[in-house]
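Line order of the protein sequences matches chains E and B. Numbered according to my numbering, the first sequence spans residues 8 to 209. Numbered according to my numbering, the second sequence spans residues 8 to 209.
Number of protein chains: 2
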Amino acid sequence: MKTQIVLYDGFDELDAVAPYEVLLAASQRGAPFEVELAHLEGPREVTASHGLVVRATRALAEQLDLLIVPGGRWGDRSSPIGARVEAERGALPAAIGRLHAGGTTIASVCTGAMLLATAGLTRGRSATTHQVAREDLRASGALLVDARVVDDGDLITAGGVTSGLDLALWLVEREAGADIARQVGRQLEYERRGPIWRRPKG
Amino acid sequence: MKTQIVLYDGFDELDAVAPYEVLLAASQRGAPFEVELAHLEGPREVTASHGLVVRATRALAEQLDLLIVPGGRWGDRSSPIGARVEAERGALPAAIGRLHAGGTTIASVCTGAMLLATAGLTRGRSATTHQVAREDLRASGALLVDARVVDDGDLITAGGVTSGLDLALWLVEREAGADIARQVGRQLEYERRGPIWRRPKG
Chain E
8 MKTQIVLYDG FDELDAVAPY EVLLAASQRG APFEVELAHL EGPREVTASH
58 GLVVRATRAL AEQLDLLIVP GGRWGDRSSP IGARVEAERG ALPAAIGRLH
108 AGGTTIASVC TGAMLLATAG LTRGRSATTH QVAREDLRAS GALLVDARVV
158 DDGDLITAGG VTSGLDLALW LVEREAGADI ARQVGRQLEY ERRGPIWRRP
208 KG
Chain B
8 MKTQIVLYDG FDELDAVAPY EVLLAASQRG APFEVELAHL EGPREVTASH
58 GLVVRATRAL AEQLDLLIVP GGRWGDRSSP IGARVEAERG ALPAAIGRLH
108 AGGTTIASVC TGAMLLATAG LTRGRSATTH QVAREDLRAS GALLVDARVV
158 DDGDLITAGG VTSGLDLALW LVEREAGADI ARQVGRQLEY ERRGPIWRRP
208 KG
């Protein structure tokens, strides 16, 4: 599964790094994730919400199996960087919308959900986000679900920050089975917590 | 509290990034942490265990209140980078030993404890580490405690990877009070889990 985690200035460190480490650890155990850190405009250093400087090694691809979108600073309206600024700028939500239209599964952590909402992807869909953005997400037309991870098929959203661990372990379980997910959880000494909501089949 | 998190090639991403974000989030709420990412030899890009490239902005200081030491790749004896390589090289453990002798509180996440052990700091002290290194830590003369965080005063150790969240939230509670620790846990949507072991007073 060709997978990218998209970084932008102001992304929340753990929103991106937790899924990154989980998916890499899973791929080392045979899960089929090929994971890259991308920036919309190409390789560069990106400054995260709390000041961590991380290298994005790729441009956001035009074709992907899975895209993970972190949040960051949605609640800080005066911040010159972060998810709200990216929503207002519009280029990143537009790219997310194009990927989704092309068949990419889109997953978000924390207020990354608001970039999906800005792309128009959450209307009428089940979703969740960080507590600070729940009302904004509801206003986008999403059906808010009180769960740590909400799997609505090609749109998977998670709660705040550390819920990215549960999102990624769920993705591992979904794509590679519960056994590898258990192994990775044990390696990271993480006890998953739920609930995980899945759209009923049929 | 002048605090550094020391990075080296092969450090485990979450071992360092989780405490970084927790302490920064706490300092934004008034906790007295001044946090820097350091490398023994000065500012540089550092490649973590799963490939994340992060910028260390400082050289390891000669005087600190608190040093946090991540682990990484201790269990992989063939790895050309990581905590085991740093232990064999010796320069980083020596620097950790000098800081401790100068009054710095040393905290470790995961197999970072083995760098403290190599520095000779764990003999006769209560400590913990990632499951993969418990016997090595015991062989260093440490008194292994079955806890997620072990606070032995000027030596504080934690279990594997995600226990760095609990380590850092404990440091926040210890230095700035339980109320700020609760606020940060809530912001990160993290439910702390224990146990936390503290040396009995007296």
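Backbone N, C-alpha and C define an ideal beta-carbon position, used for all residues, glycine too. Computed from a predicted model, the values in this text were never measured in an experiment.
Minimum Cβ-Cβ distance from residue i to chain C less than 7 Å
i       : result
E/Tyr15 : Note that chain C does not occur in the displayed structure, where the protein chains are E and B.
First through last residue of the beta strand (DSSP E) which encompasses residue i
i        : result
B/Ala165 : 162-165
E/Leu73  : 73-76
E/Ala112 : In the sequence under discussion, the amino acid at residue 112 of chain E is Thr, which differs from the Ala named in the question. Its beta strand (DSSP E) spans residues 112-115.
E/Val53  : 51-54
E/Arg205 : 203-205
E/Asp143 : E/Asp143 -> not in any beta strand (DSSP E); alpha helix (DSSP H) instead, spanning 141-146.
E/Asp158 : 156-158
Simplified DSSP state of residue i, which is helix, strand or coil
i        : result
E/Glu43  : strand
B/Trp177 : helix
B/Leu14  : strand
B/Val61  : strand
B/Ala101 : helix
B/Leu67  : coil
E/Ala134 : strand
B/Leu128 : coil
Start-to-end residues for the alpha helix (DSSP H) that takes in residue i
i        : result
E/Ile187 : 185-194
B/Val24  : 20-34
B/Asp83  : Where B/Asp83 is concerned, there is no enclosing alpha helix (DSSP H), given that its DSSP letter is neither H nor E.
E/Val92  : 90-96
Near the ligand COA: residue i beta-carbon under 6 Å from a heavy atom
i        : result
B/Leu123 : As for the ligand COA, it is missing from this structure, which has no ligand bound.
Whole-Å CB distance - residue i paired with residue j, under 8 Å assumed
i        : j        : result
B/Ala94  : B/Thr64  : Contact doesn't hold; Cβ gap of about 25 Å is too wide.
E/Leu174 : E/Ala165 : 4 Å
B/Ser147 : B/Val156 : Wrong, their Cβ atoms sit about 19 Å apart, outside the cutoff.
E/Val139 : E/Thr118 : 7 Å
E/Arg206 : E/Asp153 : Going by Cβ atoms, the distance from E/Arg206 to E/Asp153 rounds to 15 Å, so no, they are not a contact pair.
E/Tyr15  : E/Val53  : 7 Å
B/Val42  : B/Leu59  : Not really, about 18 Å apart at Cβ, beyond 8 Å.
Residue i, buried or exposed, once every other Cβ within 10 Å from all chains shown has been counted against 16
i        : result
E/Pro77  : buried
B/Leu39  : First, the residue type needs correcting, since residue 39 of chain B is Pro and not Leu in the sequence shown. Counting Cβ neighbours within 10 Å, B/Pro39 comes out exposed, since fewer than 16 surround it.
B/Arg132 : buried
E/Gln194 : buried
E/Glu180 : buried
E/Gln11  : buried
B/Asp19  : buried
E/Ala98  : exposed
B/Gly110 : exposed
B/Pro100 : buried
E/Ser34  : buried
B/Gly89  : buried
B/Arg96  : exposed
B/Asp143 : buried
* **Members of the region 63-78 of chain E that neighbour chain B once the beta carbon cut-off is set at 7 Å** => none
* Determine which residues of the region 163-183 of chain E have a Cβ less than 8 Å from any Cβ of chain B, and write them out in chain order. => Gly166, Gly167, Val168, Thr169, Ser170, Leu172
* Asked: Using Cβ-Cβ distances below 8 Å, what residues of the region 36-55 of chain E are close to chain B?
  -> Leu44, Glu52
* **Against chain B: residues of the region 111-128 of chain E by CB proximity under 9 Å** => Cys117
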